[in-house]
Amino acid sequence: MDRRKYLKTLAVGTISASVLLDSCQPTETKPTQAAGPPPLDRQPLEKAREEKLKAEQFFDPHELATITVLVDIIIPRDDVSGSASDAKVPDFIEFMAKDRPEHQIPLRGGLKWLDVQSSKRFNKVFTDCSASQQIEIVDDIAFPEQAKPGMEQGVAFFNLVRNLTATGFFTSEMGIKDLGYVGNRPNQWDGVPQEVLDQYGIKYDERTLNESVRFDS
Amino acid sequence: MQIKKSNTNYDAIIVGSGAGGGMAAYMLSQAGLKIALLEAGPMYDPTKNVTQLKWPWESLRRGASTEFRPFGDFDASYGGWTLDGEPYTHKDGTKFDWWRSRMLGGRTNHWGRISLRFGPKDFKRKSIDGLGEDWPIGYDDVAPYYDKVDQLIGVFGSKENLPNEPDGIFLPPPKPRLHEMFIKEAATSIDIPVIPSRLSILTRPLPNNKNRGACFFCSQCNRGCTVYGDFSSSSVLVNPSLLTGNVDLVTNAMAREVTTDANGKPTGVSYINKEDMQEYTINGKVIILAASACESARLLLNSKSDKHPNGLANSSNIVGKYLHDSTGASMGGFLPKLVNRKRYNEDGVGGLHVYTPWWLDNKKLDFPRGYHIEYWGGMGMPGYGFGFGMENLNGKYPGRNGETKPAGGYGASLKDDYRYFYGASFGMAGRGEAVAREDNYCEIDPTTVDKFGIPVLRFHYKWSDYEIKQAKHMKQTFEEIIHTMGAEVTWGKSGPEDNYGLENPGKIIHEVGTTRMGNDPTKSIVNKYNQAHDCDNLFVVDGGAFVSQADKNPTWTILALAMRASDYIVDELKKQNI
Chain A
1 MDRRKYLKTL AVGTISASVL LDSCQPTETK PTQAAGPPPL DRQPLEKARE
51 EKLKAEQFFD PHELATITVL VDIIIPRDDV SGSASDAKVP DFIEFMAKDR
101 PEHQIPLRGG LKWLDVQSSK RFNKVFTDCS ASQQIEIVDD IAFPEQAKPG
151 MEQGVAFFNL VRNLTATGFF TSEMGIKDLG YVGNRPNQWD GVPQEVLDQY
201 GIKYDERTLN ESVRFDS
Chain B
218 MQIKKSNTNY DAIIVGSGAG GGMAAYMLSQ AGLKIALLEA GPMYDPTKNV
268 TQLKWPWESL RRGASTEFRP FGDFDASYGG WTLDGEPYTH KDGTKFDWWR
318 SRMLGGRTNH WGRISLRFGP KDFKRKSIDG LGEDWPIGYD DVAPYYDKVD
368 QLIGVFGSKE NLPNEPDGIF LPPPKPRLHE MFIKEAATSI DIPVIPSRLS
418 ILTRPLPNNK NRGACFFCSQ CNRGCTVYGD FSSSSVLVNP SLLTGNVDLV
468 TNAMAREVTT DANGKPTGVS YINKEDMQEY TINGKVIILA ASACESARLL
518 LNSKSDKHPN GLANSSNIVG KYLHDSTGAS MGGFLPKLVN RKRYNEDGVG
568 GLHVYTPWWL DNKKLDFPRG YHIEYWGGMG MPGYGFGFGM ENLNGKYPGR
618 NGETKPAGGY GASLKDDYRY FYGASFGMAG RGEAVAREDN YCEIDPTTVD
668 KFGIPVLRFH YKWSDYEIKQ AKHMKQTFEE IIHTMGAEVT WGKSGPEDNY
718 GLENPGKIIH EVGTTRMGND PTKSIVNKYN QAHDCDNLFV VDGGAFVSQA
768 DKNPTWTILA LAMRASDYIV DELKKQNI
């Protein structure tokens, strides 16, 4: 099988060595088309743990509503893609709180801290505040180097939510597309594209070009 | 309790299916020997147990690590730093982290594929610096086997003619990635060499091998390759050995003891089958241990009898001693000129395209052994941790509009920062040689057993000044490279308070030395053919047989020595010497 055909075989998703190698044989037997790639490999202990965590609920509806407001403040919809909640970041944070119990107290306590702040200032929990009131509080905890004394705990909480929001969003299908990550598929690595080399004013030396793997294209 | 005995008398029983055991199974089955291959974990085949080419959202935790997969949710690894019901302990408050794989192919499924030969000096360090011990063999003894391993398995690299980094029979290497070009440019300008890496990945189809496909550059070797485009013992060695019909593979078989007869001669292996929790004994003419350096030592120490009161093959009383792991320290950087990168697929092969072999003369330094440097970075697939710590980055460097904002933040401008700074971070890690010492060891904990009733290991390990000074040198070198690149250190600065970031022993997962080879039976466990001094029909073909670890990764040498030992076994069986 030539290399392009090989890559095409890989790209259809039914990649298994046996299918691939069968298709390399000169015989006319067609490879059996599987329904799709196998599911993510899980060991029995892993499966049991995931089932257990999925059946549990950590955050209550008010906490989840607060998280939803926060993650959309952190990553809003823009011209390129949707918001964090569009990418189901709150579900991800719910799961991570269960999967990594060390997140539980900082998240639950931080949400409480936030409600206490907003109650002191506006006599309302955070989700009942107006958008401008919410931003007023967020402005006090979103910029670590400018935060006033007394806001440190809020800053630490917001850093954690910012981190989880960024990961949750940019590891979603929507986020990966937004980011422009174009790998995770069969391809041929033939070096940095010429226009990128030109952009930085660099080139591969002769020796590298001669000794490195090349592809017929 | 009934112990089930097999009627088959195997030519050889192999304990462990990783690099050493897989190679022994491959070689001996090709030679027509009848073999039982015991593996403590389950079956594993990357064409069936798939994590390759999965997207982060296919993991509930987006690829984050768990106790079951400490290197991430997609890692092709069953096992880890802890195993349920199988503890290990420490002595005198010392630290040792022990990685145990429990799966067909062992650690070779998820390893970094860095396939370096030891050089001539690496076998004779004592002759050079007076420390440790020389190997009873030299590079010339192993070279023909390195050649055969290269041809059988496949490795890419470049001819460099360096004195202590022997060239192999190489497939062509991939071109460097963008950040690797900048690393190379900077490092070489300050006389630190950067050369193509040497990884056992098929950048070209392997000649005369129809069972394996070529690499398709997804950079996910650690997830196990669905076309067998890289080396793992399960795919490349065990699978073909099974096809010979000469191998009975027993998975989920946790070895308990090597059995012996009244004269103390090894006769077989007893094990517990983890599926039915029954006890079994099988018999074999030759017993080959390849359970990993520490598990094989444990097995020997637990195989006590009247003839072998210290444990099997342990008349010298040094089984478990001279345990040593590679040193490790690392640092990360940010290269401002890489912001706002043009997007393209730069996945490449699974791991580094370039590396730095050890380049200095230890006689002019205050530590005796060297290290190599591994590099990473670029526009990788996002996973758990992506975007963490943006507040440490976006307040330091101007954003897309040329203005530097206050650190942290939120909203559309923050969202754009993740895009803007993507792919501008990189890192490097040193992997160095530690000096093997008698007082770094594993032994049987006198009071603790695992859930199978098998006495567990207790570790005693301390780094010496040699390793700490080496780590200090690593950190200085990393900082120098990073600054020469015009980059800044983002993490990994450390000082004497934390031994310059030197990782705990065990962390690099290159532990070796527990059943070292030598000519003197009072100072070594096996001879130069990995054969126990005390028992002619007992062999250890994992990293335990190493006298010293070198500033290389151990796998290629484990493979070469296991192949060499297998040739010797076939020969000795023919001569009826064993």
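First to last, the protein sequences are chains A and B. Under the numbering used here, the residue at position 100 of the first sequence is numbered 100, and the numbers go up by one with no gaps. Under the numbering used here, the residue at position 332 of the second sequence is numbered 549, and the numbers go up by one with no gaps. From the three backbone atoms N, C-alpha and C, an ideal C-beta is built for every residue, glycine too. Everything numeric in this text was worked out from a predicted model, so none of it was measured.
If we ignore side chains and look at the alpha-carbon of each, how far apart do residue i and residue j end up?
i	j	result
residue 792(B)	residue 188(A)	50 Å
residue 601(B)	residue 389(B)	33 Å
residue 486(B)	residue 674(B)	19 Å
residue 23(A)	residue 387(B)	Any reading at residue 23(A) must be qualified, since the residue scores a pLDDT of 41, below 50, and its modelled position is unreliable; the value itself is stated next. Taking the straight line from one Cα to the other gives about 28 Å.
residue 257(B)	residue 321(B)	8 Å
residue 641(B)	residue 666(B)	49 Å
residue 747(B)	residue 219(B)	34 Å
residue 28(A)	residue 423(B)	Unreliable placement is indicated for residue 28(A), whose pLDDT of 39 sits below 50; the coordinate value is still reported in the next sentence. The alpha-carbon atoms of residue 28(A) and residue 423(B) are separated by roughly 24 Å.
residue 122(A)	residue 619(B)	37 Å
residue 130(A)	residue 67(A)	16 Å
residue 696(B)	residue 703(B)	11 Å
residue 255(B)	residue 495(B)	15 Å
residue 305(B)	residue 194(A)	53 Å
residue 612(B)	residue 605(B)	14 Å
residue 750(B)	residue 176(A)	58 Å
Quick one, are the C-beta atoms of residue i and residue j less than 8 Å apart?
i	j	result
residue 499(B)	residue 230(B)	yes
residue 648(B)	residue 684(B)	no
residue 444(B)	residue 37(A)	no
residue 295(B)	residue 324(B)	no
residue 617(B)	residue 635(B)	no
residue 93(A)	residue 138(A)	no
residue 547(B)	residue 302(B)	no
residue 434(B)	residue 564(B)	yes
residue 311(B)	residue 541(B)	no
residue 819(B)	residue 243(B)	The structure shown does not extend to residue 819(B), since chain B is modelled only from 218 to 795, so the question has no answer here.
residue 354(B)	residue 340(B)	yes
residue 537(B)	residue 514(B)	yes
residue 446(B)	residue 419(B)	yes
residue 687(B)	residue 729(B)	no
residue 182(A)	residue 561(B)	yes
residue 184(A)	residue 272(B)	yes
residue 787(B)	residue 506(B)	no
residue 734(B)	residue 745(B)	yes
residue 178(A)	residue 81(A)	yes
Below 8 Å CB to CB, which residues in the same chain sit around residue i once its five sequence neighbours on both sides are set aside?
i	result
residue 119(A)	125
residue 570(B)	390, 391, 392, 393, 394, 397, 413 and 414
Apart from the five residues just before and just after residue i, which ones in its own chain have a Cβ nearer than 6 Å to its Cβ?
i	result
residue 289(B)	280 and 282
residue 224(B)	none
residue 239(B)	450, 454 and 455
residue 672(B)	519, 661 and 666
Would residue i count as contacting chain A if we go by Cβ distances under 8 Å?
i	result
residue 326(B)	no
residue 435(B)	yes
residue 552(B)	no
residue 318(B)	no
residue 408(B)	no
residue 574(B)	no
residue 617(B)	no
residue 275(B)	yes
Does residue i get closer than 8 Å to chain B when you measure Cβ to Cβ?
i	result
residue 127(A)	no
residue 92(A)	yes
residue 143(A)	yes
residue 123(A)	no
residue 137(A)	no
residue 191(A)	yes
residue 45(A)	yes
By DSSP's criteria, residue i is part of a beta bridge. Which residues make up the other side?
i	result
residue 729(B)	541(B)
residue 498(B)	222(B) and 487(B)
residue 674(B)	661(B)
residue 702(B)	Answer by DSSP bridge pairing: none, since residue 702(B) is not bridged.
residue 413(B)	571(B)
residue 296(B)	318(B)
Go through its chain and collect everything with a Cβ distance to residue i's Cβ below 7 Å, but skip five positions before and after it.
i	result
residue 326(B)	261, 293, 294, 320, 441, 449 and 451
residue 18(A)	With a pLDDT of 45 at residue 18(A), under the threshold of 50, the modelled position of that residue is not reliable, and no figure is offered here.
residue 345(B)	338
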